[in-house]
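Encoded structure:
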C-alpha cells in the first residue's frame, strides 16, 4: 500500500509510522559538499571479505538480497561506528530513467540507482527486528551507481538473476557472494545520523555514503526496470522509482574523512577530492 500512495503519506497511514512525517533525523538526504565537516577521527570502513549465501527476492517494493541466517556472518566496523554490525540485507533503489533512482542525492542531483547495505548491531541486539527501533541499532552503507560498459563480477551475481524475479514474491538463491567485492575501491565517505527509508522510518541508522560509485551496465539496469510490483496474475506497474525523496537535514552534521593534505588544516575537507562534486551530471 505505502508505495502506491507514496512516501508523503506514510505517516498518515499508520500511527506507528508517525516518524516518517514528524521525525527530524530522516533519510535519505541531499548532501551539499559546502556543508561537509572534516572529521580526523573517521577511520576506514572495514567489511569482512569472506563469501556468504542468501536469497534474492522481488518484494513488490524493492529488490532485496538477504543473507542466510546460517551463512557465515559478514561484519562491518570502523568509520563512525562504535560497535560491530552484522550485514543483514542489500536493497536496490532505482528509477525509470537515468536521471533519477537514487535515494541520496548530491547537490540536488540524483543517480540512476543506489545500493544500500543494511546491518544490525549484533553486540547489543540479537537480530535486525530487535535492533531496528533501538539506539545505534542499524548501519546503512549507501553506494550510488554510474552506468558503464562493465559491472563488478559480484554485482553480476545479483543482476544475472533479475529475469527470474520479475514478479512480486519470486526468489532466487545465490551462493558464494562477497559483499566486500561489490564495494567500490575507496576509503573515503560521508556519514550522518538518519533513519530507515521505509516505514516506520526509525531514526536509528548511521548512514555511510561512499565517495565513489559502483558500475552497472545499460543491459543490467534495463532488466531492473522490467521488474513489476505485482504477481504474475496482477503485475500492476513497474517496480522502478522505488525511492524516497530527500528529507530535511535540520541541524544535523554530515561528516567526511576527505582531507585536504596540502593545506594541513584539520578543519578543512578537500572539495576537489569529493568524487561526486564535479561528477553529479553522470
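Numbering (the UniProt record's numbering), first residue to last: 1 to 282. For each residue, glycine too, the CB sits at the ideal point set by N, CA and C.
### Message
Would residue 207 and residue 82 be called neighbours here (beta carbons separated by less than 8 Å)?
### Response
For the purposes of this step, residue 207 is taken as residue 207 along the chain shown, with counting starting at 1. For the purposes of this step, residue 82 is taken as residue 82 along the chain shown, with counting starting at 1. For residue 207 and residue 82, no; Cβs fall outside 8 Å.
### Task
Using the Cα positions of residue 211 and residue 46, report the straight-line distance between them to the nearest angstrom.
As a first step, residue 211 is located in the chain shown; it is residue number 211 there, counting from the start. As a first step, residue 46 is located in the chain shown; it is residue number 46 there, counting from the start. Between the alpha carbons of residue 211 and residue 46 lies a gap of roughly 15 Å.
### Task
Measure the CB-CB distance between residue 118 and residue 91 and report whether it falls below 8 Å.
As a working note, residue 118 is residue 118 in the chain shown. As a working note, residue 91 is residue 91 in the chain shown. Contact flag set, yes.
### Task
Check whether the region 157-174 touches the region 57-67, counting contact only when three or more Cβ pairs, one atom from each stretch, lie closer than 8 Å.
yes
### Query
How long is the line joining the alpha carbons of residue 224 and residue 127, rounded to whole angstroms?
Within the chain shown, the letter at position 224 stands for residue 224. Within the chain shown, the letter at position 127 stands for residue 127. Distance from the CA atom of residue 224 to the CA atom of residue 127, rounded to whole angstroms, is 29 Å.
### Task
Pick out whichever of 247, 71, 49, 109 has its Cα sitting closest to the Cα of residue 25.
Taking the first residue of the chain shown as 1, we reach residue 25 at position 25. Checked all of 247, 71, 49, 109; the closest Cα to residue 25 is 247.
### Message
By the DSSP assignment, the alpha helix (DSSP H) with residue 22 in it spans what residues?
### Response
Within the chain shown, the letter at position 22 stands for residue 22. It spans 19-22 - the alpha helix (DSSP H) in which residue 22 sits, taken as one unbroken run.
### Query
Whose C-alpha, out of 59, 49, 85, 249, is nearest the C-alpha of residue 124?
Stepping through the chain shown from its first residue, residue 124 is reached at position 124. For the residues 59, 49, 85, 249, the minimum Cα distance to residue 124 belongs to 85.
### Query
In terms of DSSP beta bridges, what is residue 238 paired with?
Taking the first residue of the chain shown as position 1, residue 238 is located at position 238. For residue 238, which the question treats as bridged, DSSP gives the partners 228.
### Query
How about residue 155 and residue 221: are their beta carbons less than 8 Å apart?
Taking the first residue of the chain shown as position 1, residue 155 is located at position 155. Taking the first residue of the chain shown as position 1, residue 221 is located at position 221. 8 Å or more divides the Cβ of residue 155 from the Cβ of residue 221.
### Query
Do you know offhand how far residue 236's Cα is from residue 170's?
In the chain shown, counting from the first residue as 1, residue 236 sits at position 236. In the chain shown, counting from the first residue as 1, residue 170 sits at position 170. Rounded to whole angstroms, residue 236 to residue 170 spans 15 Å at the Cα level.
### Task
Give the DSSP bridge partners of residue 190, in chain order.
Here the question's residue 190 lines up with position 190 in the chain shown. Beta-bridge pairing links residue 190 to 209, 256.
### Query
Where does residue 75 sit, in a helix, a strand or coil, going by DSSP?
Reading the chain shown from its first residue, position 75 is the one you call residue 75. Strand, per DSSP.
### Message
So residue 35 and residue 254 are supposed to be a Cβ contact under 8 Å. How far apart are they, rounded?
### Response
Start at 1 with the first residue of the chain shown, and residue 35 comes out as number 35. Start at 1 with the first residue of the chain shown, and residue 254 comes out as number 254. With a Cβ gap of about 6 Å, residue 35 and residue 254 count as contacting.
### Query
Between the C-alpha atoms of residue 14 and residue 73, what's the straight-line distance to the nearest angstrom?
Along the chain shown, read from residue 1 onward, the residue named residue 14 stands at position 14. Along the chain shown, read from residue 1 onward, the residue named residue 73 stands at position 73. If you take the alpha carbons of residue 14 and residue 73, they lie about 34 Å apart.
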